[in-house]
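Data first, discussion second: the structure below is written as structure tokens.
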Amino acid sequence: MVAAPTASAGIRCTTEIVGSEAVAHCYANDDPSALYSTYRVVATCIAGNNTYTFKKYGPWEAVGALTTSRVSCGARYLSVDFELRK
């Protein structure tokens, strides 16, 4: 699953599943003030023979950094999203 929603006016984020990890990356669209924001990946996981879901969160990363926020469910993925904070 790959999504590319606009997170805010100056920030663009992508999410995907790479191997066994949920991955998010956010970067600034020509807005220097966006570089002071952070983001993290949020994975909604399915476990227990589809009997329950749970969320796992990756580490907070700086917008525009060359790093990505990554987390592994250890189960199947229902969805992958991201969170932003200023």
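Quick note on numbering: the sequence shown equals residues 10 to 95 in the numbering used here. All C-beta atoms in this analysis are idealised placements derived from N, C-alpha and C, irrespective of residue type, glycine included.
For the pair T60 and V32, the Cα-to-Cα distance works out to about 24 angstroms. DSSP lists Y48 as the beta-bridge partner residues of L93.
In the three-state reduction of the DSSP assignment, S42 falls in the helix class. Secondary-structure assignment with DSSP links A37 through a beta bridge to I20. Measuring C-alpha to C-alpha distances from A43 to each of I26, C54, T62, C22 identifies C22 as the nearest. Excluding five sequence positions before and after E30, the CB atoms of its chain that fall closer than 6 angstroms to its own CB belong to R79, S81, given in chain order. Apart from the 5 residues on each side of it in sequence, S46 sits with its Cβ closer than 7 angstroms to the Cβ of I20, V72, L93, R94, K95 in its chain, given in chain order. In this structure T76 is exposed. Its beta-carbon is surrounded by fewer than 16 other beta-carbon atoms within 10 angstroms. Relative to W69, the option among A84, H34, L87 whose CA is nearest is H34.
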